[in-house]
Structure formats: C-alpha cells, structure tokens
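First comes the structure, then the notes that go with it.
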Amino acid sequence: KAGQGNIMNFFAKK
Amino acid sequence: MLEARLEQAELLKKVVDAIKDLVQDCNFDCNDSGVALQAMDNSHVALVSMMLKSEAFSPFRCDRNIALGINLSSLTKVLRCAQNNDILTVKAEDAPDVVNLMFESSDSDRLSEYDIKLMDIDQEHLGIPETEYAATVTMPSPEFQRICRDLSALSESVSIECTKEGVKFACNGDIGSGAVTLRSHSDVENPDQNIKIDLTEPVALTFSLKYLSNFCKASGLAKSVNICLSNEVPLLVEYGLAANSYLRFYLAPKIGD
C-alpha cells in the first residue's frame, strides 16, 4: 500500500 | 502436556474477540512461563503480541514447548459456548491434533467439553526490540476508543503529536478536519480517568485509523491503555492484563507525508 509502512521493515525476522 | 485453568472464561473470550478481525490463524505458543501469541495481519501493517503468564492461570502446567495452531474463527465459535463466569480449562497433549476446552459453571452443575482441530501454521516470528519510547501516553481505554471512532468519521488517518503541552490527535478529510487535544490529568478519586504523558522528546506520527479502531476492540480488557511513540518506529498500543500479562498491538506508521 502506498504511504503505509510495513511492520517487517521495522522488526527483523527471528 | 498442557493444562491451564482460567478462573473466568471471559478473559480468553475478550482477548480472542479483540484480535480475531486482525489475525485469522495463529500459534498459541505454550511453555512453562505461560501462553504467548505473535501474529501479523495479512498486509503486514500491524502485529499482535499477547502474553498470558503462567500466574494468570491456576493451576498451570506445561512440561514442554507446545505450539497450538488455531483458527480464531473456530476458537470464537467454541468460546461462544462458554459463559463469562465459567471456569475454563485448556488441555493438550505433547504433540497434539486437538486442543480441549472445558467450561464449568461456577456452581459446577454444568460441564461442557469441546475439542478444536489444530492446524500446522508456519508462522514467521519477528524480534521486537526493547524500545525506549520518546513518548508514552496512558489514558482511559474508552477515551482512546472514542477518539478513534470520532476521527474515523472524517478521515482514514490520524496524526498523533506529543509535546510537553499534551497529546493531539488530528485528522483531515473531505468534509473538513478535526482534532482532540488531551493534557495530563490526575484524578485522585477516579484514577481510571488519569491521563499521563511521559515525554523525552516531541513526537509526531501518522497512523491508519482503521487499524487503531481495530486495536480498540481490546478496550474491555483494561481500563487504561498505554500508547507508546517514537519517531519512525511502529506505534505500540498496550492493554495490561492481570498477573503481568498483556495484549500489545504494533502499528507501522504511514510514510512520506
């Protein structure tokens, strides 16, 4: 979605 | 095996009600410290993190790590069969195909038992870093719910701005704009009404109201809510539960405006 951040860009995969 | 008894089925009913529109299938990860759940919504915008500590149950027994993969709409169907005041016991074997839920009426003249088939869910676990947030707002959960609902009528997104003056929720939409500003407020007789703003530096971020309104479905779980913000990191909306347990929602900020 344009303009909406993705949570995976902030929290790394374990 | 797992055996966990909750004094009131209401807690699990409310938790599942609060998250079922956000996440569909999830693992309930059980070990000796309690029952945890972490799941993202389909579009990877929000993350739910729940922890029900072993102390929230009495008794609680879990000898090995067990992941219970459950479809929340199935779980909702079964939890609807429980009264709020029923005693709820969750049981599962070590490598289970089903989870067993038992509801006992508090005066013990009825005992209901249900099995839910488990799913194999391959879920990605995200590491949530310990964060010192620039601003933490503690406010009555119904007030936060109301603000989200009111502003949703005007716009799809809300800017949350924290300064030493207070916290401002503002939106801009086709029909006009709106803003609600709250200042710190301490009411000795009604501490549930307190508004506390802990600020180390000013913050301004924009979020989707659709998601925030979704998080507010947890309002019945706690009288107050913590809203934690730092620039350029996901918002944390936290509902504290009894026995150090919690239901947390993380929401990625909107970008580029």
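Protein chains in written order, with my numbering: chain A, 1001 to 1014; chain B, 4 to 260. Even for Gly, the Cβ is constructed at its ideal location relative to N, Cα and C. Bear in mind the structure is a predicted one, so any value in this text is a computation, not a measurement.
In or out: residue i buried (at least 16 other Cβ within 10 Å) or exposed?
i, result
"Ser160/B", "buried"
"Ala143/B", "For clarity, residue 143/B is Pro in the given sequence; the question names Ala instead. Result: buried."
"Pro205/B", "exposed"
"Lys1001/A", "Residue placement at Lys1001/A cannot be trusted, given a pLDDT of 43 that sits under 50; what the coordinates show is reported in the next sentence. Classification for Lys1001/A: exposed."
"Val240/B", "buried"
"Cys165/B", "buried"
"Met54/B", "buried"
"Ser248/B", "buried"
"Ile178/B", "exposed"
"Leu244/B", "buried"
"Gly37/B", "buried"
"Thr139/B", "buried"
"Cys33/B", "buried"
Please name the residue or residues paired with residue i in a DSSP beta bridge.
i, result
"Tyr242/B", "Leu250/B"
"Asp195/B", "Note: Asp195/B sits in no beta bridge, so no partner."
"Arg8/B", "Thr92/B"
"Ala70/B", "Asp32/B"
"Phe1011/A", "For Phe1011/A, which the question treats as bridged, DSSP gives no partner whatsoever."
"Leu50/B", "Met43/B and Tyr253/B"
"Thr209/B", "Ser162/B"
"Pro184/B", "The amino acid occupying residue 184/B in the given sequence is Thr; Pro does not appear at that position. Thr184/B is bridged to Lys171/B."
"Leu104/B", "Val93/B and Tyr117/B"
"Ser227/B", "Pro143/B"
"Val81/B", "According to DSSP, which records beta bridges pairwise, Val81/B is partnered with nothing at all."
"Leu55/B", "Val38/B"
If you run the structure through DSSP and keep just helix, strand and coil, what is residue i?
i, result
"Glu143/B", "According to the sequence shown, residue 143/B is Pro rather than Glu. Looking at Pro143/B - three-state DSSP - the assignment turns out to be strand."
"Phe60/B", "coil"
"Asn217/B", "helix"
"Glu159/B", "coil"
"Lys1001/A", "Note that Lys1001/A scores 43 on pLDDT, short of 50, meaning its location in the model is unreliable and no value can be drawn from it."
"Leu25/B", "coil"
"Lys17/B", "helix"
"Val236/B", "coil"
"Thr203/B", "coil"
"Cys259/B", "In the sequence as displayed, the identity of residue 259/B is Gly instead of Cys. Coil, per DSSP."
"Asn1006/A", "coil"
"Gly176/B", "coil"
Do residue i and residue j have their CB atoms nearer than 9 Å?
i, j, result
"Gln11/B", "Asp89/B", "yes"
"Asn101/B", "Lys120/B", "Per the sequence presented here, residue 101/B reads as Val, with Asn not at that position. Yes, they are a contact pair."
"Asp118/B", "Leu129/B", "no"
"Ala173/B", "Gly1005/A", "no"
"Val18/B", "Leu250/B", "yes"
"Ile69/B", "Cys29/B", "no"
"Lys16/B", "Leu114/B", "no"
"Leu185/B", "Leu208/B", "no"
"Tyr242/B", "Ala42/B", "no"
"Phe1/B", "Leu25/B", "Look at the range of chain B in this structure, 4 to 260, and you will see that residue 1/B is not part of it."
"Gly199/B", "Thr141/B", "In the sequence as displayed, the identity of residue 199/B is Lys instead of Gly. Result yes, Cβ atoms of Lys199/B and Thr141/B sit closer than 9 Å."
"Ser2/B", "Leu75/B", "Because residue 2/B is not part of the residues shown, which for chain B are 4 to 260, the question remains open."
"Ile131/B", "Ser52/B", "yes"
Secondary structure, beta strand (DSSP E): runs of 3+ residues fully inside the region 107-152 of chain B: 114-120 and 138-143
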